[in-house]
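K.L.:
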Amino acid sequence: MAKKTVVSSTINGSSTEFLCEPRQSLLEVLRDTLHLTGSKEGCNNGNCGACTVLMDGKPVLSCLVLGVEAEGAKIETVESLAKNGQLAPVQQCFLEGAALQCGICTPGFLMATKALLEKFPQPTEHDIRFHLANNLCRCTGYDKIVKSVQACATAVR
Amino acid sequence: MEDLYLGKTNYKVIGQRPIRHDGADKVTGKAIYTADLQLPNMAHGKLIRSPHAHAKIKRIDVSQALAVPGVLAVVTADDFPDLAEKIAMMGEAGAVNLQHLAGNCLAKDKVLYKGHAVAAVAAINTHVAEEAAKKIVVEYEPLPSVTWVLDAMKPDAPILHDDLRTDELGQKGDKPTNVSVHIAFEQGNPAEGFKQAEIIVEREFRTASVHQGYIEPHAAVAMWNEDGRLKIWTATQGSFTCRQQTAELLQIPVSQVLVVPCEIGGGFGGKIAVYLEPVAALLSRKCGRPVKMTMQRAEVFEGTGPTPGSYMRVKLGAKKDGTLVAGEAWLAYDCGAFPGGMIGPGSMCVFSCYDIPHARVDGYDVLNNKPKVQAYRAPGSTQAAFATEQVIDELALQLKLDPIEIRLKNAAKEGTRRVDGPVYPRIGFIETLEAARNSEHWKSPLTGKNRGRGIASGFWFNIGGASSCSASVMEDGTVSLIEGSTDIGGTRTSIAMQLAETLGITSDDVRPQVADTDSVGYTFLTGGSRVTFATGLAAYKLGLDLQAQMRDRAARLWKCSVDEVQVEDGTYSYKDQKLTFKELAAKLAQSALEPVVGRSSVNPEGSTNGFATHIADVEVDPETGKVTILRYTAIQDAGKAIHPSYVEGQMQGGAVQGIGWAMNEEYFFDKNDQMRNASFLDYRMPTCLDVPMIETIIVEVPNPGHPFGVRGVGEAPIVPPPAAMANAIQRATGIRFTDLPMSPPKVWKALQK
Ligand code: FES
Ligand code: FES
């Protein structure tokens, strides 16, 4: 077993230290070490987006980031979206728009949407589809996800 | 059944779009899926899988694996009890031979496909388990293999099971074979029928294996306790069928097994059979700890069940005016490594949209060296519709008829006899065609080069089956609802809404919970489009039970007879006394009367028959062969849409899965029958950039077998897309594509001719 390293980062607003082996992915650390199981594993090789988190504000696939790479970084997961018992607008829009069925892809979509709306506050349908094409959903056919993102852009404006 | 509600239109709850009860859990990441579980002292299991498509297992040596520090247990097929000749029932797929089911969990004597599980290791963490798994030595003697269904039917094909004999229309054959069953249906006199035909079209079709592609990989946690009790947390479509399969595979009483269903990240039919549960249980018994097993994505593709690949020949004869007079279908579906595929439903669905007086269907279930097929949304029907709906389309073209008109002329309706026997009750197929004809989409012109519009229809049975519910009325007037149907797509809400409607309360006043197998009555699996229909029916009956008890308590409160208590829209009254459901519940809590606890169980027989019609507009790029979808509309009879947003969601999701099947998805095998695209990158499911908005039209022709008229909606929407896309591409290019998928290289090649 490889030796573990201490890593310090800010996770969902709190400074956090964790021990991890060099081979462990950030997703594994989040889920198994820090018990933040909101980020999901759909493929573990960068093809589904279920594990999307924000790293220094940018969306990353946490299954492709090593735990040790989180040193000094600011990580935001789905657990950070609701604040003080209030859902974030994007969560509310997904709920109202019935943008989830089984819900396994939802945390990844929410984080990708957050990043998308920060970059494009008024996205076109194409912007949305282009920037969320990294995230697979097998249940919804995407229609209600795209519409919920549109609704969220309007609501936030 | 008393249909107090059938045909009623002024519903209070049904037809509304409340926020689903499990919604906040799911958007905050709090919902617990199986892989999220962490139990004290939990071990992690890993499978090792066959590198060969077909081979004899000569020797398994686990000693080096056991020597790895941190390894706790190893199991192989020898750890399963002897299961000779035992049978279990598994939903739409019907009866399953337990020996085969066990052999699919861990291979015995022979591996039958690349990725077939051979042995499993439990260790203190997944990395150690993975390393140790690599140290298990398996000696194989490779055998010739076969993956294409027609090749597997040849007399000189490599034989998968030496003891298998064809069940030829009920008679057992005498030679080893890969054809497990030949079934046939006939009505009228097909030979005579074709003589009456003025035009006959016959075509051959081929489809590839495709996977359900749920985003959550299979996962299970098993804890076999020292007292003999086995507890399982799992991602399953049916906790009770999982309990049954596991108990029978391990030869222990079902009462010793408790299955706790976790949230489930998609299934579509692929999470009915057990893979990990019994293996994790065996490991747990050996090491005395809870054991978690999760699959990697490649394992999901290679080791779990896709839908059949198929070869089909469909022939239809019609009069010049388009009236169908005769039909013939010859279908061969592969079932993968073990018998029992989807040829039954495929054969029953192939002509199910139409009234064909003379018809014959022959269906063959064929073994080959692929993973054992499993149900995938309307199992077997999509393949069949790909064939029939294109032959109909070609008849329309040759006869210069409108493709909707030719379908309307021959559409199945109440009283039509399907070729496999049943006579339809009230169904809504014609209504979906009329809705298509009246749609904005159909009426809008489509112009431009390389563009075409296609339509196709599809059918699925929608099964019934046992469902149980229980509930108690809480003192604030909310109702806790306990159900046994695992919730994959929001059915907690569609069931709660039916209870709420019956009681005259709001959807939010019902607290639905999916319970474990000890906490609720037997409930068949989540599949077959049955949950909103059958468990919904149970919720309705539960509502009547609770209402009767509330009335009884009110009568005792008011010291009158039960008959004197009036109930209307959830308000209970006697003379000038009036209490809403909530007020009455609060009063009861303070009274000395018994609490109100209700229960119901149902087992509706027969099917509810779902029909869908889809319209697709496409543009084909002659340079690349890429097909772009310009517009897509899905129309479906929902009987009565309980929660329209989730009905639309099923229609949109099913349509996009079908579009993936049509355009890109396939198991790609190399010459050694190894799957070469076992990742989401290479097995290209549609992304949101590949599809447009999916427009929906919900048609409501009430199902006479349900108090609110509900028909299940989960499956029919995957049936029409491949045929609708093929028909659209035909209009765009003049070329009829009879092989799936219609991927860019294939389309491009065809365009070069
Ligand atoms: S789990 Fe990271 S992209 Fe799929
Ligand atoms: S809701 Fe199931 S995968 Fe997206």
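Quick note, the sequences are listed as chains W and G, same order.
Per UniProt numbering, the very first residue in the first sequence carries number 1; after that it's consecutive.
Per UniProt numbering, the very first residue in the second sequence carries number 1; after that it's consecutive.
Where is the CB? At the ideal position from N, CA and C, for every residue including glycine.
All of these numbers come straight from a predicted model, not from anything done at the bench.
1. At a threshold of 6 Å, does Gly266 of chain G count as lining ligand 2 (C-beta to nearest heavy atom)?
2. Would the C-beta of Cys152 of chain W count as close to ligand 1, meaning under 6 Å from any of its heavy atoms?
3. Using a C-beta to C-beta distance shorter than 8 Å, which residues of chain W count as neighbours of Asp36 of chain G?
4. Tell me which residues of the region 88 to 101 of chain W have at least one Cβ-Cβ distance to chain G shorter than 7 Å, keeping chain order.
5. Give me the residue from G:Gln752, G:Asp569, G:Tyr333 with the minimum Cα distance to Tyr11 of chain G.
6. Is His116 of chain G near Ser50 of chain G, with beta carbons less than 7 Å apart?
7. So Met725 of chain G is in the beta strand (DSSP E); what residue range does that whole segment cover?
8. His706 of chain G: buried (16+ other C-beta within 10 angstroms of its C-beta) or exposed?
9. Apart from the five residues on each side of it in sequence, which residues of its chain come closer than 6 Å, Cβ to Cβ, to Met1 of chain G?
10. Put Arg492 of chain G into one of helix, strand or coil per three-state DSSP.
11. CB-CB under 7 Å to Leu4 of chain G, same chain, minus the five flanking residues each way: which ones, in chain order?
12. Are the beta-carbon atoms of Tyr522 of chain G and Ala466 of chain G separated by less than 7 Å?
13. May I ask you to check if the CB of Pro44 of chain W is nearer than 6 Å to at least one heavy atom of ligand 1?
14. Sorry if obvious, but does the Cβ on Leu30 of chain W come closer than 6 Å to a heavy atom of ligand 2?
15. For Phe94 of chain W and Thr106 of chain W, which I take to be in contact (beta-carbon distance under 8 Å), what is that distance rounded to the nearest angstrom?
16. Between Phe533 of chain G and chain W, is any beta-carbon pair separated by less than 7 Å?
17. Of all the CB atoms in chain G, is at least one closer than 7 Å to the CB of Asn47 of chain W?
18. Any idea if Ala151 of chain W is buried or exposed, counting beta-carbon neighbours within 10 angstroms, 16 or more meaning buried?
19. Kindly indicate which three-state DSSP category Met693 of chain G falls into: helix, strand or coil?
20. Skipping 5 residues on each side, what residues in its chain have a beta carbon closer than 7 Å to that of Ala456 of chain G?
21. List the residues of chain G whose Cβ lies closer than 9 Å to the Cβ of Glu79 of chain W, in chain order.
22. Compare the beta carbon distance of Ala435 of chain G and Trp442 of chain G with 7 Å and say whether it is the shorter of the two.
23. Would you mind telling me which residues of chain W sit closer than 7 Å to Glu303 of chain G, beta carbon to beta carbon, in chain order?
24. Once DSSP output is grouped into helix, strand and coil, what is the label at Leu276 of chain G?
25. So, Leu282 of chain G versus Asp82 of chain G, is the Cβ gap smaller than 7 Å?
26. At a Cβ threshold of 7 Å, is Ile11 of chain W touching chain G?
27. For Gln652 of chain G, I'd like the list of residues in its chain whose CB is within less than 6 Å of its CB, leaving aside the five on either flank, ordered along the chain.
28. With DSSP run on the structure shown, which of helix, strand or coil describes Ser9 of chain G?
29. Figure out for me which residue from W:Asn135, W:Glu71, W:Arg129 has the closest Cα to the Cα of Leu19 of chain W.
30. Does residue 162 of chain W come within less than 7 Å of chain G when only Cβ atoms are used?
31. Considering only heavy atoms of ligand 1, does any lie closer than 6 Å to the CB of Cys51 of chain W?
32. Does the region 242 to 262 of chain G come within contact of the region 315 to 332 of chain G, defined as at least 3 CB pairs closer than 8 Å?
33. Measuring alpha carbon to alpha carbon, tell me which residue in G:Tyr214, G:Ala534, G:Ala132 is nearest Val62 of chain G.
34. In the UniProt domain "2Fe-2S ferredoxin-type" (5 to 81) of chain W, which residue ranges form an unbroken beta strand (DSSP E) of at least 3 residues, counting only runs that do not cross its ends?
35. Tyr572 of chain G bridges to which residues according to DSSP?
36. What span of residues does the alpha helix (DSSP H) with Gly543 of chain G cover, start to end?
P.N.:
Working from what's here:
1. yes
2. no
3. Arg31, Thr37
4. Gln91, Phe94, Leu95, Glu96, Ala98, Leu100, Gln101
5. G:Asp569
6. yes
7. Run containing Met725 of chain G: none in the beta strand (DSSP E); it sits in the alpha helix (DSSP H), 721 to 733.
8. buried
9. Interpretation of Met1 of chain G is limited by its pLDDT of 38, a score under 50 that renders its predicted location unreliable; no figure is taken from the coordinates.
10. helix
11. Residue placement at Leu4 of chain G is poorly supported in this model, since its pLDDT is 47, which falls under 50; the coordinates still yield a value, given next. Around Leu4 of chain G: Pro707.
12. yes
13. Sequence check: residue 44 of chain W is Asn here, not Pro. Yes; taking the cut-off as 6 Å, the Cβ of Asn44 of chain W has a heavy atom of ligand 1 nearer than that.
14. no
15. 7 Å
16. no
17. yes
18. buried
19. coil
20. Ala385, Glu389, His614, Pro720, Ala723, Ala724, Asn727
21. Thr28, Gly29, Lys30
22. no
23. Per the sequence presented here, residue 303 of chain G reads as Gly, with Glu not at that position. What Gly303 of chain G touches in chain W: nothing, since even the nearest Cβ is about 15 Å away.
24. coil
25. no
26. no
27. Ile694
28. First, the amino acid is wrong: residue 9 of chain G is Thr here, not Ser. Note: Thr9 of chain G maps to coil in three-state DSSP.
29. W:Glu71
30. The structure shown does not extend to residue 162 of chain W, since chain W is modelled only from 1 to 157, so the question has no answer here.
31. yes
32. no
33. G:Ala132
34. 5 to 11, 14 to 20, 52 to 55, 58 to 61, 74 to 76
35. G:Val567, G:Leu579
36. 536 to 558
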